[in-house]
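Last residue of the sequence shown: number 409 in our numbering, and the count goes up by one each step with no gaps.
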Amino acid sequence: MSIFDRYLLVLFLKIFMICFVSFTGLYFVIHIFTNLDELSSITATSGQGMGQLLIGFYGPAMLELFDKMAGVLVLISAIFAVTWIQRKRELLAIEAAGITKARVVRPIIIAAVVILVISIANREFAIPHFKHQLGRSIQDWTAQGSVSFSSYRDSASGMMIRANRLNLADQTLEEPKFELPLRLTKYYKQVQGDQAQYLKTSNLHPAGMLIEGVREPPNPSQISSVACDGETVIFSHQDYPWLEPDQVFIACNLDLEEIVFGRQMAKYASIYEMIVSLSKPSRRFGFGDQVAIHGRILQPVLDLTLLLLGLPLVISKPNQNIFFAAALCMVIVVTVQVTTMASHAMGAYSMIQPAVFAAWIPVLVFVPFVPITLGKLK
C-alpha cells in the first residue's frame with residue numbers, strides 16, 4: 032500500500048466515523064430529551080444508573096442505526112474524500128504522473144467493501160442477538176423481558192390471539208383472548224383467561240398455549256373439546272383429565288417470540304431465522320415476507336451500487352465543489368431509496384407478480400448503469 036493509499040484511506044475512514052458519530056449523536060440527543068421523564072423514572076424505580084441504562088438501551092440501537100446508514104455513509108464518505116483531494120489539487124498532480132482515476136479510488140472501494148461486509152455480519156449476527164431489546168420501546172424498558180402485545184392471527188387454525196402483554200422470560204401472555212374462527216364456534220366463540228403459557232410438544236399434547244383462570248366460556252370444566260380435520264385443537268378438562276378445571280389448552284405451533292417479532296422479521300431476524308420461521312405450518316408465507324427475504328439478500332448489492340454510481344460521477348469532473356457533491360449524493364440516495372421502497376410496497380401488496388420480482392427491480396434498474404459510470408474512471 033502506497034503512502035497516498037494510506038492517506039486517502041485514513042481520510043475516507045475519518046469522514047465515515049465523523050458522519051456516523053454525528054448522525055447517531057443527533058438521534059440519541061433528540062431521543063433522550065424527548066424521553067427524559069421516562070429515563071429518569073426508570074433510574075429511580077429500577078436502581079439502574081443513567082449510564083448503565085443508556086448503554087443497555089442505546090447500545091443495540093447503535094447497531095440498528097449502523098445497519099440502516101452503512102450504505103449511505105459509505106457513499107457520502109467516498110464522495111467527500113474525493114472532493115477534498117480535488118479541491119487541494121492533489122488529484123491533478125496524481126493524474127499528471129500517469130495514474131488512472133480507477134487506481135486512485137481503489138483503497139476507497141476496498142474499504143467500502145470491508146464496511147459492507149461488516150454491516151452484513153452486524154445484520155445477520157449482532158442485531159438478532161439483541162432483538163429483545165430492539166423490540167421494546169423506552170416505555171416498555173422497566174418490564175424486563177416483557178413487551179406490549181396487541182393481536183396476532185394464527186394462519187394454521189384461523190384463531191385471532193389478543194393479549195395485554197407478552198412475558199418473554201417465561202413465554203406467557205397476560206389477559207389472553209383466543210377468538211375462534213367460524214368453523215370452530217359450534218359451542219363457544221372465544222376462550223379468555225388470566226394467563227396463557229406456551230408449552231412444547233409432549234406425550235400429553237402438541238405444542239400450544241395452556242390458558243389458566245379461564246373466564247370465558249363459563250364453567251370451563253364442563254365444555255367439550257373441539258377438533259378440526261380429525262385433530263384436537265382445543266383441549267378441555269372434561270375430555271383430558273390432566274388439565275385443571277379452570278384450564279383450557281389450545282394447540283398452536285407458533286411460539287410467542289415469533290408472534291411478537293414475526294411482523295418485524297426483516298428488521299431484527301437473520302435470513303436463516305426468517306426462512307425457518309416462515310417454513311412452519313402456522314406461519315403464512317405472505318408476499319411481504321417473500322419480498323423481505325429477497326430484499327435482505329440483495330441489500331449489499333444495492334449498497335455497493337450506490338457507491339459505484341456516485342463516486343465515478345464526482346471524480347470524473349474536476350474542480351467539484353462540496354455543495355455539488357452533496358447534492359449529487361442526495362439525488363442518488365433518494366432515487367435508489369424511493370425506487371426500492373416503492374417496488375417493495377408493490378410486491379407486498381401483490382401489485383407485482385411474482386412478488387419476489389419486486390425486490391429485484393432496484394437491482395435490475397440501477398446495476399446496468401454501473402459499467403457506464405465506471406467507464407468514467409479511465
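For every residue, glycine included, the Cβ atom is placed at its ideal position computed from N, Cα and C.
For the pair of segments examined, the region 213 to 226 was found to touch the region 236 to 249: the number of CB pairs separated by less than 8 angstroms reaches three. In chain order, L408 and K409 place their CB closer than 8 angstroms to the CB of T131, counting only its own chain and leaving out the 5 sequence neighbours on each side. The region 334 to 350 makes contact with the region 362 to 374; the number of CB pairs closer than 8 angstroms reaches 3 or more.
About 6 angstroms separates the CB atoms of V394 and V332; that is less than 8 angstroms, so the two are in contact.
When the five nearest sequence neighbours on each side are left out, the beta carbons in the same chain lying within less than 7 angstroms of the beta carbon of H268 are those of P251, S252, L274, E275, P276 and Q278, in order along the chain. For the pair K217 and M190, the Cα-to-Cα distance works out to about 14 angstroms. Under the three-state reduction of DSSP output, S374 falls in the helix class.
Membership of R196 in the beta strand (DSSP E) is indicated by the continuous run R196 to N198.
Here the C-alpha atom of V105 lies approximately 7 angstroms from the C-alpha atom of F47. The region 320 to 328 makes contact with the region 379 to 392, as at least three CB pairs between them are under 8 angstroms. About 36 angstroms separates the beta carbon of F318 from that of A358, a gap too long to meet the 8 angstroms contact definition. Taken through DSSP and simplified to helix, strand or coil, M100 comes out as helix. In the three-state reduction of the DSSP assignment, Q321 falls in the helix class. M191 has R184 and E210 as its beta-bridge partners, per DSSP.
Here T203 is bridged, per DSSP, to N198 and Q228. Counting along the chain, no alpha helix (DSSP H) covers V387, and no H or E run does either. Note that the region 194 to 201 touches the region 176 to 184; at least 3 beta-carbon pairs, one per stretch, sit closer than 8 angstroms. Counting C-beta pairs closer than 8 angstroms gives three or more between the region 98 to 117 and the region 49 to 56, which meets the contact rule.
The beta-carbon separation of I281 and V264, rounded to 7 angstroms, stays under the 8 angstroms limit for a contact.
Cβ contact annotation for V398 (same chain, cutoff 8 angstroms, sequence separation greater than five): V332 and T336, in chain order.
About 7 angstroms separates the Cβ atoms of I169 and F88, confirming a contact at the 8 angstroms cut-off. Out of D201, V345 and F161, the CA that lies nearest to the CA of K231 is found in D201. In this structure, the CA atom of D320 is about 25 angstroms from the CA atom of L204.
Assigned with DSSP and collapsed to three states, C259 falls in strand. In this structure, L42 lies near W115, with their beta-carbon atoms less than 9 angstroms apart. Secondary structure of F64 (DSSP, three-state): helix.
Under the three-state reduction of DSSP output, F280 falls in the strand class.
For E155, the CB contacts under 6 angstroms within the same chain, skipping 5 residues up- and downstream, are S301 in chain order.
In the three-state scheme derived from DSSP, where H, G and I count as helix and E and B as strand, M48 is classed as helix.
DSSP links Q223 through a beta bridge to K208 and E247. Taking a contact as a CB-CB distance under 8 angstroms, the pair A356 and I61 does not count as one, their CB atoms being some 27 angstroms apart. CA-CA distance, Q164 to P385, rounds to 35 angstroms.
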